[in-house]
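Working notes, structure below.
2 protein chains.
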Amino acid sequence: MNLHPTDLRRVSVFQNATDDDLSLLLNRGILRSIEEGEFFFFQGDPAKYLYILVSGRAKLMQSSAAGQQVNLRTINEWQMFGALGAVREKEVTYPATAQALESSSALAIESVFLHEMMQTRPYLSFDLMQLMTGYIQEMQSRYRELATEKVERRIARSLLRLTAQMGVKNAQGHIELAFTRQDLAEMSGTTLYTVSRTLSEWERLGLVQTGRERVVLSNPHGIVQIAEELDESR
Amino acid sequence: MNLHPTDLRRVSVFQNATDDDLSLLLNRGILRSIEEGEFFFFQGDPAKYLYILVSGRAKLMQSSAAGQQVNLRTINEWQMFGALGAVREKEVTYPATAQALESSSALAIESVFLHEMMQTRPYLSFDLMQLMTGYIQEMQSRYRELATEKVERRIARSLLRLTAQMGVKNAQGHIELAFTRQDLAEMSGTTLYTVSRTLSEWERLGLVQTGRERVVLSNPHGIVQIAEELDESR
DNA sequence: GTCTGTCTTTGCGCTAGCGCAAATAACAGA
DNA sequence: TCTGTTATTTGCGCTAGCGCAAAGACAGAC
Numbered sequence: 246m247n248l249h250p251t252d253l254r255r256v257s258v259f260q261n262a263t264d265d266d267l268s269l270l271l272n273r274g275i276l277r278s279i280e281e282g283e284f285f286f287f288q289g290d291p292a293k294y295l296y297i298l299v300s301g302r303a304k305l306m307q308s309s310a311a312g313q314q315v316n317l318r319t320i321n322e323w324q325m326f327g328a329l330g331a332v333r334e335k336e337v338t339y340p341a342t343a344q345a346l347e348s349s350s351a352l353a354i355e356s357v358f359l360h361e362m363m364q365t366r367p368y369l370s371f372d373l374m375q376l377m378t379g380y381i382q383e384m385q386s387r388y389r390e391l392a393t394e395k396v397e398r399r400i401a402r403s404l405l406r407l408t409a410q411m412g413v414k415n416a417q418g419h420i421e422l423a424f425t426r427q428d429l430a431e432m433s434g435t436t437l438y439t440v441s442r443t444l445s446e447w448e449r450l451g452l453v454q455t456g457r458e459r460v461v462l463s464n465p466h467g468i469v470q471i472a473e474e475l476d477e478s479r
Numbered sequence: 246m247n248l249h250p251t252d253l254r255r256v257s258v259f260q261n262a263t264d265d266d267l268s269l270l271l272n273r274g275i276l277r278s279i280e281e282g283e284f285f286f287f288q289g290d291p292a293k294y295l296y297i298l299v300s301g302r303a304k305l306m307q308s309s310a311a312g313q314q315v316n317l318r319t320i321n322e323w324q325m326f327g328a329l330g331a332v333r334e335k336e337v338t339y340p341a342t343a344q345a346l347e348s349s350s351a352l353a354i355e356s357v358f359l360h361e362m363m364q365t366r367p368y369l370s371f372d373l374m375q376l377m378t379g380y381i382q383e384m385q386s387r388y389r390e391l392a393t394e395k396v397e398r399r400i401a402r403s404l405l406r407l408t409a410q411m412g413v414k415n416a417q418g419h420i421e422l423a424f425t426r427q428d429l430a431e432m433s434g435t436t437l438y439t440v441s442r443t444l445s446e447w448e449r450l451g452l453v454q455t456g457r458e459r460v461v462l463s464n465p466h467g468i469v470q471i472a473e474e475l476d477e478s479r
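The listed protein sequences correspond, in order, to chains E and X.
To convert a position in the first sequence, counted from 1, into the numbering used here, add 245.
To convert a position in the second sequence, counted from 1, into the numbering used here, add 245.
Have a look at this one:
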């Protein structure tokens, strides 16, 4: 894998960086490649590096003391993750675990290095803040959904969110997603059983086609309707 | 109400600001006072101002299309709220509603003004990012709790969070909180009925004393235990 | 003191969603 | 093709928590 500095401009935080900045970052970065199911870092590790996913796909998840876990977000190519350490000055630890969903590689950059760069480059701070406000808003919305909306709709929302982030159209122009029922459950705050039952129901209605680690939205509009329609029962 | 520039240093985002900066901010600010139950801004309004609560208490909440709402956080004196507009350059709207829990006043500062100041003052950006990472982490934790933990524990957590933020010790050294059951429910992602039943149960056990818009933690340790103990049933 | 509006409690019935268990399906490697 | 592993489906029973409704408690206004 050979990276060119300007590739890094695809990272939203670096969209306004100069070519020199990008070279600096690339030189300081270490490329780490890991296999499906392995981890970039664990919740609780010291947050010494931030990462930029170069290839593959990963997920960020948080687990409770009892071991149950939720999916905070999925990470696609050219997305930055684990960047909290660059902001918090004190010794900090990652608040979540990053696991590869398929063979992946990521550029690891020392948190303190980005921290130093931001001191003299306001646009970097702004672009990072931009990213952070996005996360805040997303988490707030998901929190509200989880608190007030019922499962079926939350699953629909998860599928739509995934579609927006990484939906790939197949030959028939249908949107195809590659996730296990368990993943979907962790994204929607429910159990794999309920996800399975819901997808089966939707398949019966002709909204989706399902398979092992696969969901095809054959009628995206129908899913949108489930996600959006006013719930007159409340 | 007469404000002195250095009062603003109590705001975490301004802790490292110069006296000149603080004066600038104060001069550009407008003091808005509102009554209990009234609103600083509504979800969906253009985010033209950011606020600093000078006196009183407020809550930030988000509501769904169907009108159900959740409590995102409570705002105490010298906390900043509604600051997203200072980061996002495009026309943005508040993602939440800010309502006064008691008569309150807040300093309103134009978002663009803080935005400009940050261009040349890296420490401002850092302190704002610091705040934002805190929110991200808190929302992530609360999201996980809501998804994986049962109601009783979530209510316990809410009480402890409130205690940390604004607990006032009364004459007996007990921690006293002033919230309606409805508020507590919106913070914990449940209903006022369940909160009421849970508090009654705790009162029977001698963990708390309750009253109208009042919860006294007479045995905080017991509440901590409920919030923390491993749930062997899972 | 009394009235009024708001907040709280509690009984009751109900159901959405959980989670076990067992069967089945799909894939991966030998 | 066979075999072990992992993912998925579905029946079944259960319960945590919801939400209505009605009664009670409290606080402020007059």
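All C-beta atoms in this analysis are idealised placements derived from N, C-alpha and C, irrespective of residue type, glycine included.
Source: prediction; values computed, not measured.
- Cα-Cα, which of X:Ser433, X:Leu462, X:Glu473 is closest to valine 315 (chain X)? Cα-wise, what sits closest to valine 315 (chain X) is X:Ser433.
Considering only the alpha carbon of each residue, which of E:Thr435, E:Leu271, E:Ser257, E:Met362 lies closest to leucine 248 (chain E)?
Nearest of E:Thr435, E:Leu271, E:Ser257, E:Met362 to leucine 248 (chain E), Cα basis: E:Leu271.
Check: Would you say glutamine 410 (chain E) faces chain X, with C-beta separation under 8 Å as the test?
Finding: So no, glutamine 410 (chain E) is outside the interface.
CA-CA distance, arginine 479 (chain X) and leucine 391 (chain E)? Low confidence applies here, because arginine 479 (chain X) scores a pLDDT of 36, under 50, leaving its location unreliable; read the following figure in that light. Each residue's Cα considered, the two are about 20 Å apart.
Counting pairs of beta carbons, one from the region 352–370 of chain X and one from the region 265–283 of chain X, are three or more of them closer than 8 Å? Taking 8 Å as the limit for Cβ pairs, the verdict is that the region 265–283 of chain X does touch the region 352–370 of chain X.
With contact counted as at least three CB pairs below 8 Å, one residue from each stretch, are the region 460–475 of chain E and the region 377–390 of chain E in contact?
With a cut-off of 8 Å, the region 377–390 of chain E and the region 460–475 of chain E do not count as touching, because too few Cβ pairs lie within range.
*Looking only at DSSP bridge pairs, what is glycine 456 (chain X) linked to?*
In the DSSP output, where bridge partners are listed per residue, glycine 456 (chain X) has X:Arg459.
Where in the region 345–416 of chain E do unbroken runs of the alpha helix (DSSP H), each at least 4 residues long, occur, reported from the N-terminal end onward?
For the region 345–416 of chain E, whole alpha helix (DSSP H) runs of length 4 or above, ordered along the chain, are 356–365, 367–393, 396–411.
**Q.** Contact residues within the region 454–468 of chain E, judged by C-beta distance below 7 Å to chain X
**A.** Against chain X - using a Cβ distance shorter than 7 Å - the region 454–468 of chain E contributes no residues.
Quick one: what's got a C-beta closer than 7 Å to isoleucine 471 (chain X)'s C-beta in the same chain, skipping five residues either side? Excluding positions up to five away in sequence, the list reads Glu397, Arg398, Ala401.
If we cut at 8 Å on Cβ distances, does phenylalanine 371 (chain E) have a partner in chain X?
Yes - at least one Cβ of chain X is within 8 Å of the one on phenylalanine 371 (chain E).
*Supposed close pair glutamine 410 (chain X), asparagine 321 (chain X) - CB separation, criterion 8 Å*: Rounded, the Cβ-Cβ distance is 6 Å, consistent with contact.
Exercise. Near proline 250 (chain E), what residues of its chain come up, given a Cβ to Cβ distance below 8 Å and the 5 sequence neighbours on each side ignored?
Worked result: Asp264, Leu267, Ser268, Leu270, Leu271.
Next item on the list: Would you kindly check if the distance between the Cβ of proline 291 (chain X) and the Cβ of glutamine 382 (chain E) is under 8 Å?
Entry: Going by C-beta atoms, glutamine 382 (chain E) is not nearer than 8 Å to proline 291 (chain X).
(message) Per the DSSP calculation, arginine 277 (chain E) is bridged to which residue(s)?
(response) Per DSSP, E:Ala351.
Let me know the secondary structure DSSP gives tyrosine 294 (chain X) once reduced to three states. When DSSP states are grouped into helix, strand and coil, tyrosine 294 (chain X) belongs to the strand group.
Could you tell me the alpha carbon to alpha carbon distance between alanine 331 (chain E) and glutamine 313 (chain E), rounded to whole angstroms?
Our two residues, alanine 331 (chain E) and glutamine 313 (chain E), have alpha carbons roughly 28 Å apart in a direct line.
For phenylalanine 285 (chain E), list the residues DSSP reports as bridge partners. The partner list for phenylalanine 285 (chain E) (beta bridge, DSSP) is empty, contrary to what the question assumes.
Worksheet item: Got a sec, what are the start and stop residues for the alpha helix (DSSP H) valine 440 (chain E) sits in?
Response: Looking at the DSSP string, the run of the alpha helix (DSSP H) that includes valine 440 (chain E) is 437–449.
| task | Leaving aside the five residues before and after leucine 298 (chain X) along the sequence, list all residues of the same chain whose C-beta is less than 6 Å from its C-beta, in chain order. | result | Non-local beta-carbon contacts of leucine 298 (chain X) in its own chain, meaning distances under 6 Å to residues more than five positions away in sequence, involve Ile320, Glu322, Gln324, Ala351 in chain order.
| Between which two residues does the alpha helix (DSSP H) containing glutamate 431 (chain E) stretch? | It spans 426–433 - the alpha helix (DSSP H) in which glutamate 431 (chain E) sits, taken as one unbroken run.
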